[in-house]
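Participant:
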Ligand code: MF3
Ligand code: CO
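Residue numbers (the numbering used here): 366 to 622.
(1) Can you give the Cα-Cα distance for residue 414 and residue 491, rounded to whole angstroms?
(2) How should residue 580 be labelled, buried or exposed, when 16 other C-beta atoms within 10 angstroms of its C-beta is the threshold for buried?
(3) Taking Cβ positions, are residue 470 and residue 599 nearer each other than 8 Å?
(4) May I ask you to check if the CB of residue 442 is nearer than 7 Å to at least one heavy atom of ligand 2?
(5) Does the distance between the C-beta of residue 529 and the nearest non-hydrogen atom of ligand 1 fall short of 7 Å?
(6) Is it the case that the Cβ atoms of residue 592 and residue 487 are separated by a distance below 8 Å?
(7) Looking at residue 459 and ligand 1, is the gap between the Cβ and the nearest heavy atom below 7 Å?
(8) Grab me the residues of residue 619's own chain with a C-beta within less than 8 Å of its C-beta, minus the 5 sequence neighbours each way, in chain order.
(9) With 16 as the cutoff for other CB atoms within 10 Å, does residue 452 come out buried or exposed?
(10) Would you kindly report the start and end of the unbroken alpha helix (DSSP H) that includes residue 491?
(11) With burial defined as no fewer than 16 other Cβ atoms inside 10 Å of the residue's Cβ, what is the status of residue 426: buried or exposed?
(12) Considering residue 469, what are the terminal residues of the alpha helix (DSSP H) in which it resides?
(13) Since residue 612 is in the beta strand (DSSP E), which residue starts that stretch and which ends it?
(14) What span of residues does the beta strand (DSSP E) with residue 576 cover, start to end?
(15) When you compare only the Cα positions, how much space is there between residue 434 and residue 566?
(16) Which residues in the same chain have their Cβ closer than 6 Å to the Cβ of residue 577, if we skip the five residues on either side of it in sequence?
(17) Quick one: what does DSSP say residue 573 is sitting in, helix, strand or coil?
(18) Quick one, are the C-beta atoms of residue 563 and residue 514 less than 8 Å apart?
(19) Look at the alpha carbon of residue 615 and the alpha carbon of residue 525, and state the distance between them as a whole number of angstroms.
(20) Report the option in 379, 607, 385 whose CA atom is closest to the CA atom of residue 498.
(21) What does a CB cutoff of less than 8 Å around residue 450 pick up in its chain, not counting 5 residues either side in sequence?
(22) Can you say whether residue 535 is buried or exposed, counting buried as having 16 or more other CB atoms within 10 angstroms of its CB?
(23) Classify residue 550: buried if its beta carbon has 16 or more other beta carbons within 10 angstroms, exposed otherwise.
(24) Answer yes or no: do residue 458 and residue 472 have a C-beta to C-beta separation smaller than 8 Å?
Structural data, given as structure tokens:
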């Protein structure tokens, strides 16, 4: 069942999403060669807790941390730990905030120091594909319209879209219906309706679309060990234009972009 949110509920998700954006920015300030992924996780945990909220992921199906931190060939769900970031890495930071009964969910992929041109292009095309997907997230459209917009953009650039993981509804639960694939055909899939809130989260690989799960039961990496990028926003479906409830504004202030 897809839960339709009231204007008041959507406003609460926006407040949760604003705090999430500020938590991301605190992490962004610390992304440098030499930092460990556990240190980044601690920054997010502290900031979210200090602001009276809870990290959505911690404890979700036994997940141990506040962030998923996915470096280079790790696509998503990397568990923070002793891993040290190095110049030239790309790192996806995925975070969720639970505030006043509502979750928000977003992800951003960073270059650590200077990255090579293909990695830069991978980040650029993945972020663009997220916004193209959001532009299709309209009342009356279908999830296939969103997936088609994402897939066609990244494939044009020679990259591939992960099939095994998808976006999702967001609200009182971190994961709700419907599923929101990042691939598909126009006019296929679940019909979107005003008041639905969904997370759109393209996972884009430089090489093969195929992924596998590591033995820790969480980490998803590319089968060919080539790099992967991930960007995510939580958005509310409207009649005219989707409203983005999470924000990269604070992150991009830190990055100066
Ligand atoms: N943003 C991620 C997703 O929607 C959440 C990570 S799952 C968790 O799949 F278990 F780590 F919370
Ligand atoms: Co998500």
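No residue lacks a Cβ here, since even glycine has one placed at the ideal position from N, Cα and C.
Facilitator: Here's the rundown:
(1) Between the alpha carbons of residue 414 and residue 491 lies a gap of roughly 30 Å.
(2) Exposed is the call here.
(3) Going by C-beta atoms, residue 470 is nearer than 8 Å to residue 599.
(4) Of the heavy atoms belonging to ligand 2, none sits nearer than 7 Å to the Cβ of residue 442.
(5) Distances from the CB of residue 529 to the heavy atoms of ligand 1 are all 7 Å or more.
(6) In this structure, the beta-carbon distance from residue 592 to residue 487 falls below 8 Å.
(7) Yes, Cβ of residue 459 sits closer than 7 Å to a heavy atom of ligand 1.
(8) In chain order, 390, 393, 394 place their CB closer than 8 Å to the CB of residue 619, counting only its own chain and leaving out the 5 sequence neighbours on each side.
(9) So residue 452 ends up on the exposed side.
(10) Counting along the chain, the unbroken alpha helix (DSSP H) around residue 491 starts and ends at 482-500.
(11) Counting of Cβ neighbours within 10 angstroms places residue 426 among the exposed residues, the total staying below 16.
(12) Careful: residue 469 lies outside any alpha helix (DSSP H), inside the beta strand (DSSP E) at 467-476.
(13) Per DSSP, residue 612 belongs to no beta strand (DSSP E) and is neither H nor E.
(14) Taken as a continuous stretch (DSSP letters only), the beta strand (DSSP E) holding residue 576 covers 576-578.
(15) C-alpha separation (whole angstroms): 15 Å.
(16) Apart from sequence neighbours up to five positions away, the residues of its chain that approach residue 577 with a beta-carbon distance below 6 Å are 588, ordered along the chain.
(17) Here residue 573 sits in coil by DSSP.
(18) No, Cβ-Cβ distance for residue 563 and residue 514 is not below 8 Å.
(19) Whole-angstrom Cα-Cα distance: 29 Å.
(20) Taking only the C-alpha atoms, the option nearest residue 498 is 607.
(21) Leaving aside the five residues that flank residue 450 on each side, the residues in its chain whose CB is nearer than 8 Å to its CB run, in chain order, 396, 397, 398, 399, 400, 401, 402, 436, 456, 477.
(22) The residue is buried, with at least 16 neighbouring Cβ atoms inside 10 Å.
(23) Taking every protein chain shown into account, the CB of residue 550 has fewer than 16 other CB atoms within 10 angstroms, so this residue is exposed.
(24) A contact, by the Cβ cut-off of 8 Å.
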